[in-house]
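Numbering that gives the first Met the number 0 numbers the first residue of the sequence shown as 0 and each following residue consecutively. Where a beta carbon is used, it is the ideal one built from N, C-alpha and C, also for glycine. Keep in mind that this is a model prediction, so the values were computed, not measured. Report on the following structure.
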Amino acid sequence: MIAIFTALITVQFLIIALHDLVDVPGWITGSQVQAVMGRRKTILATLANCVFPGIAVALAILFWNQTLPHSVTNYWVIYCGLACLSAVGMWYIPYIRGAPEKLKREYERMYGGTKMLLPSRGDNPRPNLFHMGIHTLFMTNLVLAVFLRL
0 MIAIFTALIT VQFLIIALHD LVDVPGWITG SQVQAVMGRR KTILATLANC
50 VFPGIAVALA ILFWNQTLPH SVTNYWVIYC GLACLSAVGM WYIPYIRGAP
100 EKLKREYERM YGGTKMLLPS RGDNPRPNLF HMGIHTLFMT NLVLAVFLRL
């Protein structure tokens, strides 16, 4: 299980590190995100967002094939839980409850033209298919972290 978690938390780190910096037509719109936020702010936000998953990956590698201290598994559960809560706050609450006009416009400018799976709810922002995949990865890592903690 630790091998699967290590692989998936590494994928999570890489996605967090790269997804606002690259373009994959229909899926990832890094150039649009940078146009809204500015390149410098996007890079600084990406660096800040990489700290906690980077620590999670480092701990997974450091304790490979060793007894896992509770402090390490606690860190993974807390980090993965916060990542999931962050996704809910950034994507699903605005999708379900609505968002301020400014946020609606920003999300449309940053993620317009990407593949969507969820139906429209008025003009509320909705997570695109790529982000829903990331959120599934976050949840998977949280479940694995809880099992490793137990």
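{"Check": "Close Cβ partners of H130 (< 7 Å) along its chain, the five nearest in sequence each way excluded", "Outcome": "W90"}
{"Check": "CB contact check: G25 to chain B, cutoff 7 Å", "Outcome": "The structure shown contains no chain B; it is built from a single protein chain."}
{"Check": "CB contact flag (L141, F4, <7 Å)", "Outcome": "no"}
{"Check": "Simplified DSSP assignment, three categories, for M0", "Outcome": "coil"}
{"Check": "Near the ligand COA: P68 beta-carbon under 6 Å from a heavy atom", "Outcome": "Among the components of this structure there are no ligands whatsoever, and the ligand COA is therefore not found."}
{"Check": "Presumed contact (8 Å Cβ cut-off) between V50 and I8, rounded CB distance", "Outcome": "Not confirmed; about 14 Å, so no contact."}
{"Check": "A2 versus W63 - alpha carbon distance", "Outcome": "8 Å"}
{"Check": "Integer-rounded CB distance, given that W75 should sit under 8 Å from L147", "Outcome": "7 Å"}
{"Check": "Distance, L17 Cα to P124 Cα", "Outcome": "22 Å"}
{"Check": "Residues near R108 in its chain [Cβ-Cβ closer than 6 Å; skip 5 each side]", "Outcome": "V35"}
{"Check": "Backbone secondary structure at N123 - three-state DSSP", "Outcome": "coil"}
{"Check": "In DSSP terms, what I60 is bridged to", "Outcome": "Bridge partners of I60: none, in fact."}
{"Check": "Residue from A82, S85, I54 whose Cα sits closest to the Cα of S70", "Outcome": "I54"}
{"Check": "Complete alpha helix (DSSP H) runs within the region 62-99 (minimum length 4 residues, chain order)", "Outcome": "69-86, 92-96"}
{"Check": "Within 7 Å, strictly: CB atoms of D19 and T45", "Outcome": "yes"}
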